[in-house]
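Accompanying notes for the structure given below.
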Amino acid sequence: MTTQLSLHPEVASALRDGHPVVALESTILSHGLPPGRNLDVAHRLEQVVREGGAVPATIAVLDGRPVIGLSPAELERVCAPGAGLDKLSLRDLGPAVGLGRSGATTVAGTSALAAAAGIGVFATGGLGGVHLGAALSWDVSADLGVLAKVPTVVVCSGVKSVLDIAATLEVLETNSVPVLGYRTDEFPAFYLRSSGHPVGWRVDDAKQAAAVIAAHRAYAPSGVLLTNPIPEQSEMDKALHDRLLEEGLNLLRDNNVHGSDVTPVLLEHFHTASGGASIDANEALVLSNAKLAAEVAVALS
Ligand code: PSU
Ligand code: MN
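For any residue, its number in the working numbering is found by taking its place in the sequence shown, counting from 1, and adding 39.
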């Protein structure tokens with residue numbers, strides 16, 4: 040058993056030379072998107088990061104090895120139908136590595152491994168947050184607590200509207216995580232551009248974002264949330280979105296879905312019940328986030 044990170048040679052040399060690197064997560068591939076579509080998205084994400092002038096590092100744990108920068112064969116393995124990978128938050132990394140298991144990393148797991156590798160910028164789709172009814176269920180994603188402790192910039196499209204957005208923003212404030220809106224004054228709601236909740240600060244280009252991030256790092260140990268609304272032409276129809284959300288919440292309740300299954304079950308309902316429209320939206324927003332993350336990584340380097 041080794042706890043050492045397994046860095047892709049290209050990622051290792053980029054980090055050594057101070058070239059920009061962007062981390063990408065694997066849970067969105069294994070648990071968030073259907074097989075068939077996920078591998079295509081995985082490739083396009085890496086391509087967008089390269090076109091932006093940075094080196095992509097998709098992160099997962101394979102056979103007990105924390106891999107920073109999956110090879111093409113490893114990407115295929117993570118995206119394979121029936122890959123049966125566990126969903127690894129930060130607390131699961133020790134067990135997965137210690138027991139030689141394989142799993143896809145969430146925002147929490149990916150942020151921690153990226154920081155350990157010296158990668159400061161990470162792109163994903165949606166951050167985990169405070170679930171509706173959390174006052175009773177205590178279901179608050181570890182993503183929030185991890186952002187409080189690791190200095191990673193997470194570029195995302197906010198959190199899904201299935202979460203309690205107001206409460207999520209409160210927890211981010213408690214944890215001293217600045218929330219930046221990229222060309223917006225409102226916190227984005229994943230499939231929709233706006234949530235009605237204001238962000239603390241707005242930045243209008245990658246240079247401004249980098250200046251804020253560099254200054255934040257001088258004073259605080261926490262990460263930064265850079266929120267980027269889904270591109271206008273890809274935004275979901277609001278009425279369809281609201282209907283799927285209500286159905287999805289009923290589905291969770293009727294089937295007694297809890298814990299780490301909540302997010303994947305809900306996403307799956309959106310994907311099937313929208314006839315794939317939500318997959319197109321998901322893909323568009325995560326690609327847009329990867330592009331922005333590369334710009335920010337370049338501006339920071
Ligand atoms: N939001 C999405 N798609 C996803 C996730 C979130 O729209 O795939 C994944 C991310 O990996 C995130 C995790 O870190 O779900 C949050 O899970 P939980 O709420 O169980 O902490
Ligand atoms: Mn949870």
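Heads up, the beta-carbon is just placed ideally off N, CA and C, and yes, glycines get one too.
- request: Return the bridge partner residues of lysine 126 from the DSSP annotation.
  value: Working through the sequence shown from its first residue, we reach residue 126 at position 87. DSSP output for lysine 126 lists Ala143 as bridge partner(s).
query: Going by the CB atoms, is the gap between glutamate 64 and valine 146 shorter than 8 Å?
result: Locating residue 146 in the sequence shown gives position 107, counting from the first residue. Locating residue 64 in the sequence shown gives position 25, counting from the first residue. Yes, the Cβ-Cβ distance between valine 146 and glutamate 64 is below 8 Å.
query: Any chance the CB of serine 233 is under 7 Å from a heavy atom of the ligand HEM?
result: The model depicted lacks the ligand HEM and carries the ligand PSU and the ligand MN instead.
- prompt: Using the rule of at least 16 other Cβ atoms within 10 Å of the residue's Cβ for burial, across every protein chain shown, is aspartate 182 buried or exposed?
  reply: Reading the sequence shown from its first residue, position 143 is the one you call residue 182. Buried, because 16 or more other Cβ atoms sit within 10 Å of the Cβ of aspartate 182.
- prompt: Okay, do the segment 189-198 and the segment 218-232 touch, 3+ Cβ pairs below 8 Å being the bar?
  reply: Taking a contact to require three or more Cβ pairs closer than 8 Å, the segment 189-198 and the segment 218-232 qualify as touching.
query: glycine 347: buried (16+ other C-beta within 10 angstroms of its C-beta) or exposed?
result: Residue 347 cannot be examined here, being either before or after the span of the chain that is shown, 40 to 340.
- request: Could you tell me if the beta carbon of valine 100 falls within a distance shorter than 7 Å of some heavy atom in the ligand PSU?
  value: What you label residue 100 is simply residue 61 of the sequence shown in a count that begins at 1. Not so, every heavy atom of the ligand PSU lies at least 7 Å from the Cβ.
- request: Check whether the segment 237-248 touches the segment 288-303, taking contact to mean three or more Cβ pairs, one atom from each stretch, closer than 8 Å.
  value: no
field: Any non-hydrogen atom of the ligand MN within 7 Å of serine 299 CB
entry: As a position in the sequence shown, residue 299 is number 260, starting the count at 1. Yes - the ligand MN has a heavy atom lying nearer than 7 Å to the Cβ of serine 299.
task: Quickly, what does DSSP pair cysteine 118 with across the bridge? List them, please.
output: The residue labelled residue 118 in the question sits at position 79 within the sequence shown. Answer is none; cysteine 118 lacks a bridge partner.
- request: Spell out the partners DSSP gives leucine 46 in its beta bridges.
  value: Start at 1 with the first residue of the sequence shown, and residue 46 comes out as number 7. For leucine 46, which the question treats as bridged, DSSP gives the partners Ile107.
- prompt: If we count Cβ pairs, one from each stretch, closer than 8 Å, do we get three or more for the segment 258-271 versus the segment 94-105?
  reply: no
field: Residue from Gln86, Ser52, Glu85 and Ala119 with nearest C-alpha to proline 74
entry: Here residue 74 refers to the residue found at position 35 when the sequence shown is read from its first residue. It is Ala119 whose Cα lies nearest to the Cα of proline 74.
- prompt: My guess is that valine 61 and alanine 332 are in contact by the Cβ rule of under 8 Å, so how many angstroms apart are they, rounded?
  reply: Position 22 of the sequence shown, counted from the first residue, corresponds to residue 61. Position 293 of the sequence shown, counted from the first residue, corresponds to residue 332. Indeed they touch by this definition, with Cβ atoms about 5 Å apart.
field: Sequence-distant residues of the same chain with beta carbon closer than 7 Å to aspartate 102, five excluded per side
entry: Taking the first residue of the sequence shown as position 1, residue 102 is located at position 63. Counting only Cβ-Cβ distances below 7 Å, and skipping sequence neighbours, we find Gly139 and Ser141.
- request: Please report the residue range of the beta strand (DSSP E) in which valine 296 lies.
  value: Translated into positions along the sequence shown, residue 296 becomes position 257. Run containing valine 296: none; DSSP gives neither H nor E here.
- prompt: Taking the alpha-carbon positions, what's the histidine 297 to alanine 173 distance?
  reply: Here residue 297 corresponds to residue number 258 of the sequence shown, with the count starting at 1. Here residue 173 corresponds to residue number 134 of the sequence shown, with the count starting at 1. Distance between the alpha carbons of histidine 297 and alanine 173: 11 Å.
Status (buried if at least 16 other CB within 10 Å, exposed otherwise) for glutamate 85: Start at 1 with the first residue of the sequence shown, and residue 85 comes out as number 46. With 16 or more Cβ atoms within 10 Å of its Cβ, glutamate 85 is classed as buried.
task: Using the Cα positions of aspartate 243 and asparagine 295, report the straight-line distance between them to the nearest angstrom.
output: In the sequence shown, the residue the question calls residue 243 occupies position 204. In the sequence shown, the residue the question calls residue 295 occupies position 256. For aspartate 243 and asparagine 295, the distance between alpha carbons rounds to 43 Å.
- prompt: Does the distance from the C-beta atom of leucine 231 to that of histidine 308 stay below 8 Å?
  reply: Position 192 of the sequence shown, counting from 1, holds the residue named residue 231. Position 269 of the sequence shown, counting from 1, holds the residue named residue 308. Not in contact: leucine 231 and histidine 308 (Cβ atoms no closer than 8 Å).
query: Out of curiosity, what's the CA-to-CA distance linking alanine 205 and methionine 40?
result: What you label residue 205 is simply residue 166 of the sequence shown in a count that begins at 1. What you label residue 40 is simply residue 1 of the sequence shown in a count that begins at 1. Approximately 42 Å, taken between the alpha carbons.
query: If you run the structure through DSSP and keep just helix, strand and coil, what is valine 238?
result: One-based indexing of the sequence shown puts residue 238 at position 199. Three-state DSSP puts valine 238 in coil, outside helix and strand.
query: Taking 7 Å as the cut-off, does the CB of aspartate 178 come closer than this to any heavy atom belonging to the ligand MN?
result: In the sequence shown, the residue the question calls residue 178 occupies position 139. Indeed, a heavy atom of the ligand MN lies less than 7 Å from the Cβ.
message: Less than 8 Å between the beta carbons of valine 216 and threonine 144, yes or no?
response: Here residue 216 corresponds to residue number 177 of the sequence shown, with the count starting at 1. Here residue 144 corresponds to residue number 105 of the sequence shown, with the count starting at 1. It is not a contact, given that the beta carbons lie outside the stated cut-off.
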